[in-house]
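The structure appears below as structure tokens.
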Amino acid sequence: MHQDRRRDRRPARRVGLVRARHQAPALVVEGADVVIVGYFSGKQKDFAVLMDSAVQEMTTHGARVVGRIVQRRGVSDGGAKKMALPFSSRTLLSYGKVREAAALCEQTDADAAVFLSPLTGRQRRALTGMLGCPAVSLADALTADRVRSWPLISNSESAHVR
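Have a look at this one:
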């Protein structure tokens, strides 16, 4: 009457493969053409200053900023309670703004789209597919650049550093 429970179990997932898939793509900031994308609440009035500081950070690390996209969510888009929430949990932005960013990335032949907001693995994958170039957060891009620029220490030197 009842099936054996062993038959309907799925094989265990391999953790190593899943973890590697969710990591941020490696972006070499130096010499890259990037589009800066920002998502801001309608309450946040200093969004232009934040965008300018992101552009400054990227240019000091050697990137060339070829475009900017700003998405602001106002009261008319779902009420005051939803102003701080993204338009889409999958992409942060509205579908029209994603299409606009994709067009800008294609026109400028951008190497990456750098988002001011932190991105989840799911958002990164969805946006990368929709934009046609890697989508990374500003923090991930700058952290990856700092890690790459650390000086390499040989084994003999590391023994003396301790």
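Note that the numbering used here numbers the sequence shown so that position 93 is 1343, with each residue one more than the last.
Glycine included, each C-beta is placed from N, C-alpha and C at the ideal position.
None of these values were measured; they are calculated from a predicted model.
- Query: Three-state secondary structure (DSSP) at V1299?
  - Reply: Numbered from its first residue, the sequence shown carries residue 1299 at position 49. V1299 carries a helical assignment under DSSP once its states are collapsed to helix, strand and coil.
- With 16 as the cutoff for other CB atoms within 10 Å, does R1271 come out buried or exposed? Position 21 of the sequence shown, counting from 1, holds the residue named residue 1271. Note that R1271 has pLDDT 45, beneath the 50 cutoff, so the model's placement of it is unreliable and the number below is only indicative. Taking all protein chains shown into account, R1271 has fewer than 16 neighbouring C-beta atoms within 10 Å of its C-beta and is therefore exposed.
| query | Which residues bound the alpha helix (DSSP H) around R1374? | reply | The residue you call residue 1374 lines up with position 124 of the sequence shown. Counting along the chain, R1374 sits inside the alpha helix (DSSP H) bounded by residues G1371 to L1381.
(message) Suppose you measure from the CA of R1375 to the CA of L1369; what does that come to, to the nearest Å?
(response) Position 125 of the sequence shown, counted from the start, is the residue given in the question as residue 1375. Position 119 of the sequence shown, counted from the start, is the residue given in the question as residue 1369. Rounded to the nearest angstrom, the two C-alpha atoms are 10 angstroms apart.
| said: For the alpha helix (DSSP H) containing V1348, name the first residue and the last one. | reply: Indexing the sequence shown from 1 puts residue 1348 at position 98. First-last of the alpha helix (DSSP H) with V1348: Y1345 to T1358.
Distance CB(H1311)-CB(V1284) smaller than 8 angstroms: Taking the first residue of the sequence shown as 1, we reach residue 1311 at position 61. Taking the first residue of the sequence shown as 1, we reach residue 1284 at position 34. Not a contact, by the Cβ cut-off of 8 angstroms.
If you reduce the DSSP assignment to three classes, tell me which class V1284 lands in. Along the sequence shown, one-based indexing puts residue 1284 at 34. V1284: strand per DSSP, three-state reduction.
Within a Cβ cutoff of 7 angstroms, which residues of the same chain sit near T1358, ignoring the five residues on either side of it in sequence?
Mapped onto the sequence shown, residue 1358 falls at position 108. Around T1358, the same chain offers D1283, V1285, V1316 and G1317 as residues with beta carbons nearer than 7 angstroms, after the five sequence neighbours per side are excluded.
Three-state class that DSSP yields for A1313 in the structure shown: On the sequence shown, position 63 is the one that residue 1313 refers to. In the structure shown, A1313 falls within a coil segment according to DSSP collapsed to helix, strand and coil.
Exposed unless 16 or more other CB atoms sit within 10 angstroms - verdict on Q1373 | Within the sequence shown, residue 1373 is the residue found at index 123, counting from 1. Around the beta carbon of Q1373, 16 or more other beta carbons lie within 10 angstroms, which makes this residue buried.
| Quick one: Cα of G1346 to Cα of T1378, how far? | Here residue 1346 refers to the residue found at position 96 of the sequence shown. Here residue 1378 refers to the residue found at position 128 of the sequence shown. Rounded to whole angstroms, G1346 to T1378 spans 16 angstroms at the Cα level.
query: What residues match up with Q1321 in a beta bridge as DSSP calls it?
result: Within the sequence shown, numbered from 1, the residue matching residue 1321 stands at position 71. Q1321 pairs with Y1289.
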